[in-house]
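In our numbering, the protein residues as written are 2 to 260.
A short worksheet on the structure shown next.
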């Protein structure tokens with residue numbers, strides 16, 4: 002049997018890269034030798050992330066931008082094609098999750114969540130596909146969530162957006178396979194990030210019982226990043242949904258719906 006070698010990555014765009022999962026993915030890609038464009042709407046945090054990567058010897062540029070504004074997608078891709086040796090990797094890691102049950106869900110929060118968690122990946126993937134095709138192929142990774150795979154009464158709007166992103170990932174994988182573009186989704190479980198800080202800093206975390214997680218702990222962003230980079234580099238995986246949740250989905254049924 003001939004061993005299968007990882008697909009080389011020349012240049013990557015990582016959204017939501019000022020910190021958290023996106024920041025960890027950018028660090029690991031850069032450490033592997035990939036040139037990286039990082040973007041986030043938090044310009045100050047993005048600048049700090051950029052400086053840390055540069056000190057580590059990374060080939061990195063940063064573009065602070067709000068990707069919910071339609072012209073921003075084209076601006077990001079112009080920046081990427083101007084600064085990367087070749088654009089062949091897209092990582093959609095920007096996300097928004099605010100824990101609100103159905104009874105308190107507003108139209109504004111619903112629309113804001115879908116704009117960030119679904120519409121940005123949809124538009125960025127569509128705009129980037131011609132660049133990846135002209136590069137001879139490439140890979141797209143969408144950061145979804147286990148909330149898209151099971152009922153998630155803590156944030157139904159977030160669950161809906163991530164479920165749709167998972168479905169969209171499979172459609173894109175089938176649509177662009179002939180062009181050599183692989184598209185996969187990664188579904189993290191409970192992970193220590195600024196977005197989940199309200200849960201993991203709670204001394205009595207009733208909504209996040211770790212006894213439901215067989216590994217018994219929160220994931221680190223570096224552990225999720227390792228799974229992400231695996232999906233970007235493995236050449237015969239496309240249309241896949243990889244779960245990195247410490248065994249939660251395998252071990253427990255969905256939580257009781259919120260009131």
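Virtual Cβ for every residue (Gly too), placed ideally from N, Cα, C.
Just so it is clear, the structure is predicted and the values come from calculations on it, not from any experiment.
query: Among 215, 191 and 140, which has the Cα closest to the Cα of residue 237?
result: 140
task: Leaving aside the five residues before and after residue 60 along the sequence, list all residues of the same chain whose C-beta is less than 6 Å from its C-beta, in chain order.
output: 36
task: Using three-state DSSP, classify residue 29 as helix, strand or coil.
output: helix
- request: Please name the residue, chosen from 40, 247 and 163, that lies closest to residue 62 on a Cα-to-Cα basis.
  value: 40
message: Quick check on the burial criterion: 16 or more other C-beta atoms within 10 angstroms. Buried or exposed for residue 187?
response: Only buried fits residue 187, as 16 or more other CB atoms lie within 10 angstroms of its CB.
field: Given residue 118 as reference, the closest of 83, 183, 250 and 169 once Cα atoms are compared
entry: 169
- request: Check whether the Cβ atoms of residue 167 and residue 22 sit closer than 7 Å, and answer yes or no.
  value: Against a cut-off of 7 Å, the Cβ pair of residue 22 and residue 167 comes out as no contact.
message: Using 7 Å as the threshold, is the C-beta distance between residue 12 and residue 87 below it?
response: yes
task: Enumerate, from N- to C-terminal direction, the unbroken alpha helix (DSSP H) stretches of 4 or more residues contained entirely within the region 105-164.
output: 108-115 and 121-135
- prompt: What is the C-beta distance between residue 100 and residue 190, in whole angstroms, given that I count them as a contact (C-beta under 8 Å)?
  reply: So it is not a contact: roughly 15 Å between Cβ atoms.
C-alpha distance - residue 174 paired with residue 234, whole-angstrom precision: Those two C-alpha atoms are separated by around 15 Å.
Continuous alpha helix (DSSP H) stretch holding residue 233: start and end: 222-234
- request: Check whether the region 90-99 touches the region 15-34, counting contact only when three or more Cβ pairs, one atom from each stretch, lie closer than 8 Å.
  value: yes
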